[in-house]
Amino acid sequence: AAGVIQSPRHLIKEKRETATLKCYPIPRHDTVYWYQQGPGQDPQFLISFYEKMQSDKGSIPDRFSAQQFSDYHSELNMSSLELGDSALYFCASSLASGSYNEQFFGPGTRLTVL
Amino acid sequence: AQTVTQSQPEMSVQEAETVTLSCTYDTSENNYYLFWYKQPPSRQMILVIRQEAYKQQNATENRFSVNFQKAAKSFSLKISDSQLGDTAMYFCAQDYGGATNKLIFGTGTLLAVQP
Numbered sequence: 001a002a003g004v005i006q007s008p009r010h011l012i013k014e015k016r017e018t019a020t021l022k023c024y025p026i027p028r029h030d031t032v033y034w035y036q037q038g039p040g041q042d043p044q045f046l047i048s049f050y051e052k053m054q055s056d057k058g059s060i061p062d063r064f065s066a067q068q069f070s071d072y073h074s075e076l077n078m079s080s081l082e083l084g085d086s087a088l089y090f091c092a093s094s095l096a097s098g099s100y101n102e103q104f105f106g107p108g109t110r111l112t113v114l
Numbered sequence: 115a116q117t118v119t120q121s122q123p124e125m126s127v128q129e130a131e132t133v134t135l136s137c138t139y140d141t142s143e144n145n146y147y148l149f150w151y152k153q154p155p156s157r158q159m160i161l162v163i164r165q166e167a168y169k170q171q172n173a174t175e176n177r178f179s180v181n182f183q184k185a186a187k188s189f190s191l192k193i194s195d196s197q198l199g200d201t202a203m204y205f206c207a208q209d210y211g212g213a214t215n216k217l218i219f220g221t222g223t224l225l226a227v228q229p
C-alpha cells in the first residue's frame, strides 16, 4: 500500500538560509498535518490543511509558511533558519471522512541547521 | 488546554514478560480518540493501537491492549510477551477533536526489552 512520502529525507542548511520540505499524502487523503519533533522531545503540531485550505495552526513560527496544492501535496517553507529549527519534521495524512481519524505518518525529514 | 501526561520516562522489561505504560490526559471533549504510537530508532511513527472514547470496550491488537478509564482520563498500554523488537519510544496521543483533529502527544516512555 502507498504511504506518505516526504522529501528530502535529510537536509543540511546554514543559519539564515531557506528550506522547503515536501509531503505527498496517501492517494485520496484530503488532510495533511505537519509536526516538528526536536531532539528528545515529542512531536509538536505545526499546521494542517483540509481540501487545500488551512484548517488549524499550532506553534508555527512566523518564519514558516505552508500550503497544500491542487494535487493535495503540501510544502513547508522555512526562512531565516535558526539553530533551534534543527528537528525531525513529520508530515501525516488522513481522510477526513474516515471513521477512525487515523493519521498516517511519513518517514520524516531531518533538518540540520549549522 | 488539552494535555497528555506520561509519567514514566523510561521502563525496562524482560523478554516474554508483560509491561504496562501509563498515560493520563485532560480534555473537555466528550468524543475523541486516543492512540499509542511507537517510535523505534528509525524514528518512524508507527500506530500501535487506537481507542474511541465512546466505546467502553478496551481495544486490543494482538499482544497490545489498553486499559481505558474514561472517568479517570487514563489510557494505559499493556504489552504482553514482550519482544526485542518492541524496544522503542512509545507516545500516547489524543485527537484534539473539533474540526482539525490534530494530535497532542505525551512526552513519551522509552521502553527497553532486555534479552
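Protein chains in written order, with the numbering used here: chain C, 1 to 114; chain W, 115 to 229.
Glycine included, C-beta positions come from ideal geometry on N, C-alpha and C.
query: Does the separation of the CB atoms of VAL162 of chain W and LYS169 of chain W fall below 8 Å?
result: As a position in the second sequence, residue 162 of chain W is number 48, starting the count at 1. As a position in the second sequence, residue 169 of chain W is number 55, starting the count at 1. Not a contact, by the Cβ cut-off of 8 Å.
task: Provide the residue span of the beta strand (DSSP E) that contains GLN120 of chain W, from first to last.
output: As a first step, residue 120 of chain W is located in the second sequence; it is residue number 6 there, counting from the start. Run containing GLN120 of chain W: none; DSSP gives neither H nor E here.
message: For HIS10 of chain C and THR109 of chain C, I'd like the C-alpha separation in whole angstroms.
response: Position 10 of the first sequence holds residue 10 of chain C. Position 109 of the first sequence holds residue 109 of chain C. Whole-angstrom Cα-Cα distance: 5 Å.
- prompt: Hey, quick one: how far does the beta strand (DSSP E) through THR223 of chain W stretch, first residue to last?
  reply: Walking along the second sequence from the start, residue 223 of chain W turns up at place 109. Start and end: 223-228.
- prompt: In the DSSP assignment, what residue or residues form a beta bridge with ASN77 of chain C?
  reply: As a position in the first sequence, residue 77 of chain C is number 77, starting the count at 1. According to DSSP, ASN77 of chain C bridges with C:THR20, C:SER65.
- request: Output, in chain order, the set of chain C residues within a Cβ distance shorter than 7 Å of PHE219 of chain W.
  value: For the purposes of this step, residue 219 of chain W is taken as residue 105 along the second sequence, with counting starting at 1. Chain C residues near PHE219 of chain W: ASP42, PRO43.
- prompt: For LEU161 of chain W, which residues does DSSP report across the bridge?
  reply: Locating residue 161 of chain W in the second sequence gives position 47, where the first residue counts as 1. Per DSSP, W:TYR151.
message: DSSP three-state label for LEU46 of chain C, please.
response: Residue 46 of chain C sits at position 46 when you count from the first residue of the first sequence. Here LEU46 of chain C sits in strand by DSSP.
query: Using DSSP with H/G/I as helix, E/B as strand and the rest coil, what is LEU88 of chain C?
result: Counting from 1 along the first sequence, the entry for residue 88 of chain C is found at position 88. In the structure shown, LEU88 of chain C sits in a strand (DSSP, three-state: E or B).
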